[in-house]
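Notes follow once the structure below has been shown.
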Amino acid sequence: MPSIAASTSQPVSLWRRVANQGATAFAILTAVLVLVPLMAIFVYLLIKGVGALNWAFLTQTPKPVGEAGGGMANAIVGSGVILAIASLIGIPLGIGSGIYLAEYGRNRFGDIVRFTADVLNGVPSIVIGIAAYSLVVVPQKHFSALSGGVALGIMMIPTVARATEEMLLMVPNAVREAAFGLGIPKWRTTLSITLRTASAGVITGCMLAFARVAGETAPLLFTAFGNQFWNLNPNQPTAALPLQIFVYAISPFDEWHNQAWAGALILIILIVGAVAAVRITVSRGRLKGA
Amino acid sequence: MGVGIEVRGLNAWYGKNQALNEIDMKVPANHVTAVIGPSGCGKSTFIRCLNRMHETIPDARAEGDVKVGEMDVYGDGSDPVEVRRRIGMVFQKPNPFPTMSIYGNVAAGLKLNGFSNRKQMDELVERSLKLAALWDEVKDNLHKKSGASLSGGQQQRLCIARALAVEPEVLLMDEPASALDPISTSKIEELIFQLKQHYTVVIVTHNMQQAARVAELTGFFLMGSLIEYDKTEKIFTNPADKRTEDYVTGRFG
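Chain order of the listed sequences is V and E.
Residues in the first sequence are numbered consecutively from 940, following the numbering used here.
Residues in the second sequence are numbered consecutively from 9, following the numbering used here.
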């Protein structure tokens, strides 16, 4: 077709070239701008924190004031325990309510749940800490990892629920119809077909919620409370990395300041590591072309 | 073996809009029956009423008497899930389960209905894929490739295999080839011709040549009513109703 050949062989106008390159440059620039803060934080943490990082830091408990050395091993493990409890509460409840919203919630009650979840998402984390304090700490009369886990778990629910809902709604209706057409009951279709089809997005939502609460300090102040010693009992006051960083950062000692930097570095590495581990595990199971 | 279908006084609605008017139709066992008509005439609604898929749409409902073999589809205590297990369906657009392997797709109906005998399942999957004329193309990648990685025509045959694996008595096909290229279409048509040995097939089609090629009986729908239902040859060469004649000769629709 000569007419098309003629039109494509014509030189592209100067304006179009400039506009094209300008748009590309703008897109690259914004992408870089997104990366800069994260890289800046990470590099800064490396510079400040790597000095105080050593084997003792990862394996020992804090030393009494005035003594050099010691570490945050108990806080690292404590954070793990609290986050495990939070995930056990937040992920099942969040996914469950997300399923309700997407598959059954086209009604007034669903609207109320949706609205509540959005409000809960906006509640300041310290307020959630107070709620967990009065729900768990006051009746038990002592601080505990459990109450910290409850606080963080409550914070995870709305994020997980809304992410699950969005992801399930993205699954084409044709997929559900295919399952119904095979005589698969609706509950089974939802769990084994729809949720499975949306699983990559749902897992991403869970990891986002996890990463967000992993760094929370305020809700732990009067729930997990912190602890200078080893404690593996979830029903006792427990150290957590963000708490330990907070206490050390506002202390008057240089040594503790350095340890706070190292703690922050470890916290970021652990969060990135956990998210990456889940991603790798999930993508292992993916099939060709899925 | 397939069973016959007997429809009497079937009405269907979407909210307040009536989509089907008093349909009476007898579909013989182990035959291919085509349903033709212009867009919006109710032909898809009709076959979706046969396995109670119609009511999965919000506000949609159906009333009437549908017997599939001995089963009373709209009878008291009839379970739509059980109805759909015995009446398979293939949809207009291929809709494999995207995160499942080829094997997983074919086995899905069995697995999720609690079937767990691995050896028998392997046999059923192989048999279904062979019936759907897909076995040779996928046998080396059954577990490795996802259903979504196949071509459109292969996906549709995968969906047919998936529907056959649960061993239905009737297979409903809602414009199964309309999203496919001519070569895939002819493969599907050939397949439909083979399938009637084991199943009763009802196929909705937009394509009148297709109806003429695959079906022994053809029903013509217009505005929610069954206008004429007869041997395919008769419908296309010597229809009794003027409206049928206008449609099959391309004067409207």
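Glycine included, every Cβ here is placed at the ideal spot set by N, Cα and C.
Cβ distance (whole Å) where residue i is taken to contact residue j below 8 Å
i	j	result
Gln1175 of chain V	Gly1202 of chain V	The pair is not a contact, with the Cβ atoms about 21 Å apart (cut-off 8 Å).
Ala140 of chain E	Leu172 of chain E	6 Å
Asn1013 of chain V	Thr1000 of chain V	5 Å
Gly1087 of chain V	Leu1159 of chain V	5 Å
Met231 of chain E	Ile44 of chain E	Met231 of chain E to Ile44 of chain E, Cβ: 14 Å. No contact.
Thr1156 of chain V	Ile1021 of chain V	Going by Cβ atoms, the distance from Thr1156 of chain V to Ile1021 of chain V rounds to 12 Å, so no, they are not a contact pair.
Residue i and residue j closer than 8 Å at C-beta
i	j	result
Ile1210 of chain V	Ile1015 of chain V	no
Phe54 of chain E	Ala1113 of chain V	no
Pro1173 of chain V	Ile1067 of chain V	no
Ile1123 of chain V	Leu120 of chain E	yes
Thr52 of chain E	Val178 of chain E	The question names Thr, but residue 52 of chain E in the sequence shown is Ser. Against a cut-off of 8 Å, the Cβ pair of Val178 of chain E and Ser52 of chain E comes out as no contact.
Ala185 of chain E	Gln162 of chain E	no
Pro1097 of chain V	Leu1059 of chain V	yes
Asp73 of chain E	Arg16 of chain E	yes
Ala37 of chain E	Thr208 of chain E	yes
Gly227 of chain E	Thr64 of chain E	no
Ile110 of chain E	Lys138 of chain E	no
Val11 of chain E	Gly85 of chain E	no
Thr1103 of chain V	Arg1115 of chain V	no
Ala1084 of chain V	Gly1010 of chain V	no
Gly50 of chain E	Phe229 of chain E	yes
Leu977 of chain V	Glu1042 of chain V	no
Ile191 of chain E	Arg165 of chain E	no
Ile95 of chain E	Asn149 of chain E	no
Lys239 of chain E	Leu225 of chain E	yes
Val1217 of chain V	Ile1132 of chain V	no
Tyr237 of chain E	Met61 of chain E	no
Leu188 of chain E	Gly155 of chain E	no
Ile13 of chain E	Leu234 of chain E	no
Thr257 of chain E	Ile243 of chain E	no
Val1052 of chain V	Gly1044 of chain V	yes
Val174 of chain E	Arg93 of chain E	yes
Leu1037 of chain V	Ala962 of chain V	Note on identity: in this sequence residue 1037 of chain V is Gly, with Leu being the wrong assignment. No, these two residues do not count as a Cβ contact at 8 Å.
Tyr255 of chain E	Pro46 of chain E	yes
Pro1232 of chain V	Gly1154 of chain V	One cannot answer for residue 1232 of chain V here, as it falls past the ends of chain V, which runs 940 to 1229.
Glu241 of chain E	His214 of chain E	no
Bridge partner(s) assigned by DSSP for residue i
i	result
Leu180 of chain E	E:Met97, E:Val210
Pro1001 of chain V	V:Gly1009
Arg69 of chain E	E:Trp21
Arg60 of chain E	Beta-bridge pairing links Arg60 of chain E to no other residue.
Gln26 of chain E	E:Trp21
Met79 of chain E	E:Val76
Tyr111 of chain E	According to DSSP, Tyr111 of chain E bridges with nothing at all.
Ala42 of chain E	E:Ile211, E:Thr226
Ile1034 of chain V	For Ile1034 of chain V, which the question treats as bridged, DSSP gives no partner whatsoever.
Lys127 of chain E	DSSP, once it has assigned bridges, lists no residue as partnering Lys127 of chain E.
Leu234 of chain E	E:Phe229
Lys34 of chain E	E:Glu14
Phe1164 of chain V	V:Thr1177
Lys239 of chain E	E:Leu225
Residue i: CB within 7 Å of a non-hydrogen atom of the ligand FMN
i	result
Val1141 of chain V	Among the components modelled here there is no ligand, and therefore nothing to report on the ligand FMN.
(request) Please list the residues of the segment 994-1011 of chain V that have a C-beta atom closer than 8 Å to any C-beta atom in chain E, keeping them in chain order. (result) none
(request) Spell out a yes or no on whether the segment 1021-1029 of chain V and the segment 1091-1102 of chain V are touching, meaning 3 or more CB-CB pairs, one atom from each, closer than 8 Å. (result) yes
(message) Please identify, using Cβ separations under 9 Å, the residues of the segment 164-176 of chain E that lie next to chain B, in order along the chain.
(response) Considering every chain present, this structure includes no chain B. Its protein chains are V and E.
(request) Specify whether the segment 134-154 of chain E and the segment 1181-1200 of chain V touch according to this definition: at least 3 beta carbon pairs, one from each stretch, less than 8 Å apart. (result) no
(request) Identify each residue in the segment 1052-1066 of chain V for which the Cβ-Cβ distance to at least one residue of chain E is less than 9 Å, and report them in chain order. (result) none
(message) Output needed in chain order: residues of the segment 109-138 of chain E with a Cβ under 7 Å from some Cβ in chain V.
(response) Ser109, Ala116, Gly117, Leu120, Asn121
(request) Decide if the segment 157-175 of chain E is in contact with the segment 98-115 of chain E; the criterion is three or more beta carbon pairs, one per stretch, under 8 Å apart. (result) A contact exists between the segment 157-175 of chain E and the segment 98-115 of chain E.
(message) Taking contact to mean 3 or more Cβ pairs, one atom from each stretch, closer than 8 Å, check whether the segment 1158-1165 of chain V and the segment 1075-1082 of chain V are in contact.
(response) yes
(message) Residues of the segment 1069-1096 of chain V in Cβ contact with chain E at a cutoff of 8 Å, in chain order, please.
(response) none
(message) Under 8 Å, with one C-beta from each stretch per pair, do the segment 1128-1136 of chain V and the segment 102-111 of chain E reach the 3-pair mark?
(response) Output reads yes: the segment 102-111 of chain E touches the segment 1128-1136 of chain V.
(message) Can you confirm whether the segment 1140-1155 of chain V touches the segment 127-139 of chain E when touching is taken to mean that 3 or more C-beta pairs between the two stretches lie within less than 8 Å?
(response) no
(request) Residues of the segment 81-92 of chain E with a CB closer than 7 Å to any CB of chain V: list them in chain order, please. (result) Only Val89, Glu90, Arg92 from the segment 81-92 of chain E bring a Cβ to less than 7 Å from some Cβ of chain V.
(request) Using a Cβ-Cβ cut-off of less than 7 Å, list which residues of the segment 137-164 of chain E approach chain V; keep chain order. (result) Lys152, Lys153, Ser154, Ala156, Ser157
(message) Against chain E, which members of the segment 1094-1124 of chain V pass a CB distance test of less than 7 Å?
(response) For the segment 1094-1124 of chain V, the residues whose beta carbon sits under 7 Å from a beta carbon of chain E are, in order, Ala1113, Val1114, Glu1116, Ala1117, Phe1119, Gly1120, Leu1121, Gly1122, Ile1123, Pro1124.
(request) Note down, in chain order, all residues in the segment 236-260 of chain E with a beta-carbon under 9 Å from any beta-carbon belonging to chain V. (result) none
(message) Counting only Cβ-Cβ distances shorter than 8 Å, please list the residues of the segment 42-67 of chain E near chain V, keeping chain order.
(response) Those would be Asn59, Met61, Thr64, Pro66, in chain order.
(request) Below 7 Å between beta carbons is the criterion; list the residues of the segment 1167-1192 of chain V that meet it against any residue of chain E, in chain order. (result) none
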